[in-house]
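Under our numbering, the first residue of the sequence shown carries the number 6, and numbering increases by one thereafter. Each residue gets a CB set at the ideal place from its N, CA and C atoms; glycine is no exception. Quick caveat: nothing in here was measured; it's all calculated off a predicted structure.
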Amino acid sequence: MSNQVSKKVRHILSVSGGKDSSALAIYMSNRQYWRERLGKIANTPIQNVDMEYVFCDTKEELKETYEYLYKLEAYLRKKIERLSIADGEGFQYWLQVHGNYLPSPRMRWCTIQLKIKPFERYVGSDLVYSYIGIRADEDRDGYISKKENIIPLYPFKEDGIDRDDVIRILEESSVGMPDYYKWRTRSGCYFCFFQRKSEWIGLLENHPELYEKAKSFEKLGDETGSKFTWTEGESLEDLAHPSRIAEIKANHEKAMSREKRAKPNRPLVEVLAEVLDAENDDTACNICHI
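So, in structure tokens, the structure goes:
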């Protein structure tokens, strides 16, 4: 008789509040149905699993994100577990730990402390299959844990699900797009450093109080000459100047018009995504933005 104790096997889908992970949650709730509806032929056999849905809550999210999670829960008829950092260890705590050095594409400490660690703590030592919403038309991987007990799976890649399919899943499920997709195309904290200039203007116009809060985290100089801003080379104070807003909006509208003419008959969200990616195509943190 073996004394080895088998590990518990779990299936976890982490939702970011963005379109791809949300569409994956819907898709995995009835994979065979959506395969047939979308006309996909896949060799991967259907496995009915007891899926856990989680959301790593930084407590610095847009209200639209929380509202969207409730819509998704209503469709799934299942709770999305909110994973939070330890009490007293929110963004401002970790900002102080890092010497008031704001997170950036080169120093993504916010992702590590506010997203990855809560997820890995929730997983523990169980054997976990982690379902990731990377599409078939994307050449990238999702967050890959260094923990050997977390195994990534990519159902969209396996089944040939692309961006058009994702939009169709959201529309035909009646869950739709998150409201913030009217002015930004990446989920994540309201102050995410991956926001493009026009998205910062969108935050200013839609949530001025959050824009001011984000501005308060910037460090514009002291006796050491240190200067930490969310956008490289420009503070949020400068970005909010009326002439600068007008310039950013004018450039954005020109880009939108060009993109619409170049590729007509596409959903507005796709046009917006193309324009914003052209403005800044830095690779965002996958655990936050899928």
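Closer than 8 Å is the cut-off here; do at least three beta carbon pairs connect the stretch 33 to 49 with the stretch 158 to 168?
yes
What does DSSP give as the partner residue(s) for residue 157 in the beta ladder?
In the sequence shown, counting from the first residue as 1, residue 157 sits at position 152. According to DSSP, residue 157 bridges with 135.
Cutoff 8 Å; reference residue 122; Cβ partners in own chain excluding five residues on either side:
Stepping through the sequence shown from its first residue, residue 122 is reached at position 117. Closer than 8 Å at the Cβ level, and outside the excluded window around residue 122, lie 90.
Which residue wins for smallest C-alpha separation from residue 93, given the options 195, 82, 63?
Position 88 of the sequence shown, counted from the first residue, corresponds to residue 93. The shortest C-alpha separation from residue 93 is found at 63.
Sort out for me which residues DSSP pairs residue 261 with in a bridge.
Counted from its first residue, the sequence shown places residue 261 at position 256. DSSP output for residue 261 lists no bridge partner at all.
When the Cα atoms are used, what is the spatial distance from residue 130 to residue 124?
Position 125 of the sequence shown, counted from the first residue, corresponds to residue 130. Position 119 of the sequence shown, counted from the first residue, corresponds to residue 124. Going from the Cα of residue 130 to the Cα of residue 124 covers about 12 Å.
If we count the other Cβ atoms within 10 Å of its Cβ and call it buried at 16 or more, is residue 128 buried or exposed?
In the sequence shown, residue 128 corresponds to position 123, counting from 1. So residue 128 counts as buried.
If you count every other CB in all the chains shown that lies within 10 Å of the CB of residue 69, and 16 or more means buried, which is it?
Mapped onto the sequence shown, residue 69 falls at position 64. So residue 69 ends up on the buried side.
In three-state terms, what does DSSP make of residue 58?
Here residue 58 is taken as the residue at index 53 of the sequence shown, counted from 1. If DSSP states are grouped into helix, strand and coil, residue 58 belongs with the strands.
What are the partner residues of residue 233, as DSSP defines its beta bridges?
As a position in the sequence shown, residue 233 is number 228, starting the count at 1. Bridge partners of residue 233: 224.
Which of helix, strand or coil DSSP assigns to residue 112
Position 107 of the sequence shown, counting from 1, holds the residue named residue 112. Correct three-state label for residue 112: strand.
Distance check for residue 60 and residue 153, CA to CA, integer angstroms please.
Residue mapping note: residue 153 aligns to position 148 of the sequence shown, counting from 1. Residue mapping note: residue 60 aligns to position 55 of the sequence shown, counting from 1. Near 21 Å, if we compare the C-alpha coordinates of residue 60 and residue 153.
In this structure, does DSSP put residue 203 in helix, strand or coil?
Indexing the sequence shown from 1 puts residue 203 at position 198. Helix, per DSSP.
Can you look up residue 14 in the DSSP assignment and give me helix, strand or coil?
What you label residue 14 is simply residue 9 of the sequence shown in a count that begins at 1. If DSSP states are grouped into helix, strand and coil, residue 14 belongs with the strands.
Using beta-carbon positions only, say whether residue 31 and residue 75 come within less than 9 Å of one another.
As a working note, residue 31 is residue 26 in the sequence shown. As a working note, residue 75 is residue 70 in the sequence shown. In this structure, residue 75 does not lie closer than 9 Å to residue 31 by Cβ.
Member of 159, 206, 135, 151 whose CA lies at the smallest distance from the CA of residue 145:
Mapped onto the sequence shown, residue 145 falls at position 140. When only C-alpha atoms are compared, the closest one is 159.
Helix, strand or coil, according to DSSP, for residue 241 in the structure here?
For the purposes of this step, residue 241 is taken as the residue at position 236 of the sequence shown. Residue state, collapsed to three classes: helix.
Look up residue 177 in the DSSP assignment and say whether it is helix, strand or coil.
Sequence index remark: in the sequence shown, residue 177 carries index 172 (1-based). Helix at residue 177.
Quick one: is residue 204 buried, meaning 16 or more other Cβ sit within 10 Å of its Cβ, or exposed?
Position 199 of the sequence shown holds residue 204. It counts as buried.
In the DSSP assignment, find the beta strand (DSSP E) that holds residue 85 and state where it starts and stops.
In the sequence shown, counting from the first residue as 1, residue 85 sits at position 80. Element bounds for residue 85: 85 to 89.
Along the alpha helix (DSSP H) that carries residue 30, what are the first and last residues, could you check?
As a first step, residue 30 must be located in the sequence shown, where it is residue number 25. Note, residue 30: alpha helix (DSSP H), 24 to 34.
Would you grab the beta carbon distance between residue 235 and residue 107 for me? Rounded to a whole angstrom, and I think it's under 8 Å.
By 1-based counting over the sequence shown, the position of residue 235 is 230. By 1-based counting over the sequence shown, the position of residue 107 is 102. Confirmed, Cβ separation roughly 6 Å.
Label residue 229 either buried or exposed according to how many other C-beta atoms from any shown protein chain fall within 10 Å of its C-beta, with 16 as the threshold for buried.
Counting from 1 along the sequence shown, the entry for residue 229 is found at position 224. Note on residue 229: pLDDT 49, under 50, position unreliable in the model; the coordinate value appears next. That one is exposed.
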